[in-house]
Amino acid sequence: MDELMRVMTPRPRNAETPRSYLRSWITANKIFFDRNQGEIPETEIDLSTYRLTIAGKVNMPLTMDFDNLLSMPKAIVANTLECSGNSRSLLEKKASGNPWTIGGVGNAVWGGVMLKDLLEKAGVASGADHVAFEGFDKPLGKAQIKFIRSIPLDKAMSSTLLAYEMNGEPLPLKHGFPLRALALGWTGANCVKWLEKITLLEKPYEGFYMDQAYRIHQPDQDPKTGETVTDINIKSIITQPEPETVLPAGNVTILGAAYAGEADIEKVEVSTDGGESWQTATFIGPHEPYAWRHWQYVWQIDRPGSYRILSRATDSSGEKQPMQASWNKLGYNNNGVLEHGVSVQIG
Ligand SMILES: Nc1nc2c(c(=O)[nH]1)N[C@H]1C(S)=C(S)[C@@H](COP(=O)(O)O)O[C@H]1N2
Ligand SMILES: [Mo]
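Here the sequence shown is numbered in this note's numbering, starting from 228 and rising by one per residue.
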């Protein structure tokens, strides 16, 4: 198979979407980024044997087969998914983890069942406060630690989808076939693939992927005391032009995307002089909750030279993308304006 993506590690497979493919509002399934802690199952599970269980602090534990899921009300939701570590390699100070540039993000239209509908079927018991998700992917490495993550009950009840479709197709094997969680607007780590078990708990699940990984912390800090990654932070990226290219003078079309998790992008500004002056970009394409907004700015430039292009997003509550990211040991949530600048040469 032709490799269209930028592969960082083949096993487990971690690969990012090239900048040019981020120019369409929908990211096609075949080039949607891959992030795996364990092994992608070798073959699709037989749907006639697939079961999803809901247990723990519920009034009536449930076991659903795939047809049961299909018979429930279907929800269709656009959602931009981003890995917490996306853009890590653009940080000035090195942080450990996969060296993502900007392609650990994608936007898809997902079809499935709202988790709320399932939890109401099972009945949330008193004391339940967190919801843990477990997939059937096999862990890699000698510690054999399963990728289990929990989210607060509020998020599970308000805006979490269990998706079995991606862009109108059955969920592809590498994206979690047959079912994955999507905590809408939250980073990928909250969106467990190959989902087979949901457990309601009194408190957050305790385990490596909750307590050690996905915590925002400093080198001298116990990871457990750091905040866990949740909502995607406000951010914009430039998808055109390609960095370090030489462009003819005249009209240069600058393209990009902006997203803010649960918040709504209201404005994007562009600077072509490294942040001295700013102009407002024009939005293009769909505007949907939880999904990125695409934008463009036509830059009229006649003077040859070196230029640094920046973009800056603002959400509907007035919150602005920071000029610089706040650094942490694992390089999570890099949304800095300066870190995402693109340098080009005119003429
Ligand atoms: N079961 C399982 N779910 C998982 C993971 C995993 O390793 N195993 N990785 C998570 C992380 S860190 C991210 S960013 C997203 C990536 O989803 P994608 O590969 O469909 O883009 O899946 C999440 N869900
Ligand atoms: Mo991730």
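We put the beta carbon where it would ideally sit given N, CA and C, even for glycine.
Buried or exposed (CB count within 10 angstroms, at least 16 for buried), residue i
i: Ala390; result: buried
i: Leu388; result: buried
i: Lys382; result: buried
i: His402; result: buried
i: Ala490; result: buried
i: Ser316; result: buried
i: Pro468; result: buried
i: Glu309; result: buried
i: Ile577; result: Given a span of 228 to 574 for the chain in the structure shown, any question on residue 577 remains unanswerable.
i: Gly477; result: exposed
i: Asp364; result: buried
i: Lys420; result: buried
i: Arg278; result: exposed
i: Asp542; result: buried
i: Leu231; result: exposed
i: Thr290; result: exposed
i: Ser504; result: exposed
i: Glu347; result: exposed
i: Ser247; result: exposed
i: Val577; result: Residue numbering for the chain in the displayed model covers 228 to 574; residue 577 lies beyond these limits and cannot be assessed.
i: Ser386; result: buried
i: Val525; result: exposed
i: Thr254; result: buried
i: Thr499; result: buried
i: Gly354; result: exposed
Host alpha helix (DSSP H) of residue i (start-end)
i: Glu347; result: 342-349
i: Leu297; result: 293-297
i: Leu380; result: 380-386
i: Phe404; result: Looking at the DSSP string, Phe404 is not in any alpha helix (DSSP H), and its letter there is neither H nor E.
i: Tyr436; result: 435-438
Limits of the beta strand (DSSP E) - the one that residue i falls within
i: Ser543; result: Here Ser543 belongs to no beta strand (DSSP E), and DSSP marks it neither H nor E.
i: Phe259; result: First-last for Phe259: undefined, no H or E at that position.
i: Phe510; result: 509-511
i: Phe360; result: 357-362
i: Leu411; result: Here Leu411 belongs to no beta strand (DSSP E), and DSSP marks it neither H nor E.
i: Lys494; result: 492-498
i: Ser570; result: 569-573
i: Met235; result: 233-236
i: His514; result: Taken as a continuous stretch (DSSP letters only), His514 belongs to no beta strand (DSSP E), as it is neither H nor E.
i: Glu423; result: 422-428
i: Ala242; result: 241-243
Pair within 8 Å by beta-carbon distance, residue i and residue j
i: Met287; j: Ala349; result: yes
i: Ile443; j: Glu429; result: no
i: Lys301; j: Val340; result: yes
i: Leu274; j: Pro405; result: yes
i: Leu345; j: Ile281; result: yes
i: Trp327; j: Gly512; result: no
i: Ser298; j: Gly415; result: no
i: Asn306; j: Leu409; result: yes
i: His514; j: Ile329; result: no
i: Val564; j: Arg539; result: yes
i: Val181; j: Gln572; result: A query on residue 181 cannot be resolved here, the shown segment of the chain reaching from 228 to 574 and no further.
i: Leu367; j: Glu266; result: yes
i: Arg250; j: Leu482; result: yes
i: Leu411; j: Phe360; result: no
i: Val351; j: Ile425; result: no
i: Gly434; j: Ile372; result: yes
Heavy atom of ligand 4 within 7 Å of residue i beta-carbon
i: Asp364; result: The model depicted lacks ligand 4 and carries ligand 1 and ligand 2 instead.
So, do the stretch 456-468 and the stretch 531-551 have three or more beta carbon pairs nearer to each other than 8 Å? Cβ pair count under 8 Å is three or more, so yes.
Is there contact here, the stretch 506-521 with the stretch 553-563, by at least three beta-carbon pairs under 8 Å? With contact defined as three or more Cβ pairs closer than 8 Å, the stretch 506-521 and the stretch 553-563 are not in contact.
Does the stretch 232-244 come close enough to the stretch 260-279 that 3 or more CB-CB pairs lie under 8 Å? At 8 Å Cβ cutoff, the stretches touch.
The stretch 433-442 touching the stretch 494-509, judged by at least three CB pairs closer than 8 Å: Between the stretch 433-442 and the stretch 494-509, the count of Cβ pairs shorter than 8 Å is below three; the stretches do not touch.
May I ask you to verify whether the stretch 319-336 touches the stretch 525-533, counting CB pairs closer than 8 Å and requiring at least 3? Touching, no.
Tell me the start and end of each unbroken alpha helix (DSSP H) in the stretch 258-331 that is at least 4 residues and wholly inside, in chain order. With a minimum length of 4 residues, the unbroken runs of alpha helix (DSSP H) contained wholly in the stretch 258-331 fall at 293-297.
For the stretch 445-494, list the beta strand (DSSP E) runs that are entirely contained and at least 3 residues long, ordered along the chain. Counting only runs of 3+ residues, the beta strand (DSSP E) found wholly inside the stretch 445-494 occupies 462-467, 477-486, in chain order.
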